[in-house]
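The end of the sequence shown is residue 248 by UniProt numbering, with every number in the run present.
Even for Gly, the Cβ is constructed at its ideal location relative to N, Cα and C.
Predicted model only: the values in this text are computed from it and were never measured.
Single-structure report; data block below.
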Amino acid sequence: MSDFIRLGRRQLITAGGMSLLLSACGRGPIQSLAEQKLYELSDPLNRSFEQLLFSPQRLAPEFRRDQIEQEALLINTAEDITPSIDPERYRLKVGGLVNRPASFTLAELKKMPYRSEIVRHVCVEGWAAIVQWGGLPLVELLKGVEPKPEARYVFLRSAEGLRSDSGQLYGFYETWDMPSCVHPQTLLAYEKNFKPLPADNGAPIRLASPVKLGYKQIKWVTDIMLLAALPEQIGYWVDFGYEWYGGL
Numbered sequence: 001m002s003d004f005i006r007l008g009r010r011q012l013i014t015a016g017g018m019s020l021l022l023s024a025c026g027r028g029p030i031q032s033l034a035e036q037k038l039y040e041l042s043d044p045l046n047r048s049f050e051q052l053l054f055s056p057q058r059l060a061p062e063f064r065r066d067q068i069e070q071e072a073l074l075i076n077t078a079e080d081i082t083p084s085i086d087p088e089r090y091r092l093k094v095g096g097l098v099n100r101p102a103s104f105t106l107a108e109l110k111k112m113p114y115r116s117e118i119v120r121h122v123c124v125e126g127w128a129a130i131v132q133w134g135g136l137p138l139v140e141l142l143k144g145v146e147p148k149p150e151a152r153y154v155f156l157r158s159a160e161g162l163r164s165d166s167g168q169l170y171g172f173y174e175t176w177d178m179p180s181c182v183h184p185q186t187l188l189a190y191e192k193n194f195k196p197l198p199a200d201n202g203a204p205i206r207l208a209s210p211v212k213l214g215y216k217q218i219k220w221v222t223d224i225m226l227l228a229a230l231p232e233q234i235g236y237w238v239d240f241g242y243e244w245y246g247g248l
């Protein structure tokens with residue numbers, strides 16, 4: 001990873017001033033109290049501006065099947081850990097601010113409306129790949145559970161595959177804004193390049209969308225919760241210093 005990517009967004013704001021508030025950069029520790037305060041002041045402004053520019057109905061470019069880059073989609077996982085999930089026992093739980101909380105098997109998810117899209121997957125580290133995703137549009141799942149009016153954010157958690165220093169297992173987590181979740185190209189994907197999604201790429205279910213950077217597209221999704229406000233921990237990579245919105 002380049003030094004530019006390793007330089008945290010908080011550091012860039014401090015080094016470059018307000019002109020860099022719209023940057024979506026990599027991790028970086030907070031170096032000073034002043035830097036922390038500037039980040040706390042600027043981040044909400046950055047989020048608001050990016051959401052203002054976003055259109056829930058504007059589609060990202062799609063490509064032909066012969067343009068798929070079979071080997072270009074790299075596998076990025078923390079500590080190279082892939083959770084072991086039995087597809088037959090898999091359940092996706094959906095709750096929070098919904099009128100109809102539910103739990104779905106993989107077979108039930110596959111019976112719901114299907115969408116296939118060939119789009120560009122963009123990583124914050126500087127590489128990109130044209131890939132086909134197939135699966136259930138997230139908006140269709142949300143319609144079924146009937147979000148309450150106050151639901152503004154969608155929190156997602158993955159299967160346990162990470163181990164803390166104390167030995168405790170835990171999973172990835174991520175939070176999206178509702179407009180990005182209901183975008184037509186945001187999928188709960190179970191297919192990659194017209195084949196079943198590999199475990200390393202997030203099987204049985206991962207989030208996939210061309211409107212967000214790759215680190216926002218959480219793999220091995222097991223839980224979805226609708227919230228009125230952002231939780232204290234808003235994203236695994238975000239809590240390491242990545243930008244929260246992560247839009248394209």
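- Task: Alpha carbon to alpha carbon, how far is Phe172 from Val211? Give it in angstroms, no decimals.
- Result: 20 Å
- Message: Using 8 Å for Cβ pairs, my map puts Leu109 next to Ile205. What's the rounded Cβ distance?
- Response: 7 Å
- Task: Express the C-alpha separation of Ala128 and Arg91 in angstroms, rounding to a whole number.
- Result: 31 Å
- Query: Mapping DSSP to helix, strand and coil, what is Val139?
  - Reply: helix
- In angstroms, rounded to a whole number, what distance separates the CA positions of Leu156 and Val98? 15 Å
- Message: Would Leu106 and Glu117 qualify as a contact pair, given that the criterion is a beta-carbon distance under 9 Å?
- Response: no
- Could you pull out every residue in the same chain whose Cβ sits closer than 6 Å to the Cβ of Trp176, ignoring the five residues on either side in sequence? Val154
- So what does Leu227 bridge to, in DSSP terms? Tyr153
- Task: Let me know the secondary structure DSSP gives Tyr173 once reduced to three states.
- Result: strand
- Item | Opening and closing residue of the alpha helix (DSSP H) in which Ser180 lies | Met178 to Cys181
- Item | Backbone secondary structure at Glu160 - three-state DSSP | strand
- DSSP state of Ser19 mapped onto helix, strand, coil: Interpretation of Ser19 is limited by its pLDDT of 31, a score under 50 that renders its predicted location unreliable; the figure taken from the coordinates is listed afterwards. Of the three classes helix, strand and coil, the one that applies to Ser19 here is helix, per DSSP.
- Message: Could you give the first and the last residue of the continuous alpha helix (DSSP H) run that contains Lys148?
- Response: Looking at the DSSP string, Lys148 is not in any alpha helix (DSSP H), and its letter there is neither H nor E.
- Quick one: what does DSSP say Gly134 is sitting in, helix, strand or coil? strand
- Secondary structure at Lys111, three-state DSSP: helix, strand or coil? coil
- Looking at Thr222 and Ala159, is the spacing between their C-beta atoms short of 9 Å? yes
- Item | Cα-Cα separation between Ala60 and Leu248, rounded to whole angstroms | 9 Å
- Query: Looking at the structure shown, is Gly247 part of a helix, part of a strand, or coil, going by DSSP?
  - Reply: strand
- Sort out for me which residues DSSP pairs Glu191 with in a bridge. Gly134 and Pro196
- Task: Kindly list the residues whose CB is nearer than 7 Å to the CB of Pro147, restricted to its own chain and excluding five residues on each side of it in sequence; keep chain order.
- Result: Leu97, Val98 and Leu226
- Message: Which residue marks the beginning of the beta strand (DSSP E) containing Gly126, and which one marks its end?
- Response: Premise fails: Gly126 is in no beta strand (DSSP E) and is neither H nor E.
- Where DSSP assigns a beta bridge to residue 260, which residues make up the other side? Only positions 1 to 248 of the chain appear in this structure, which leaves residue 260 out of reach.
- Mark Lys216 as exposed unless 16 or more other C-beta atoms lie within 10 angstroms of its C-beta, in which case mark it buried. buried
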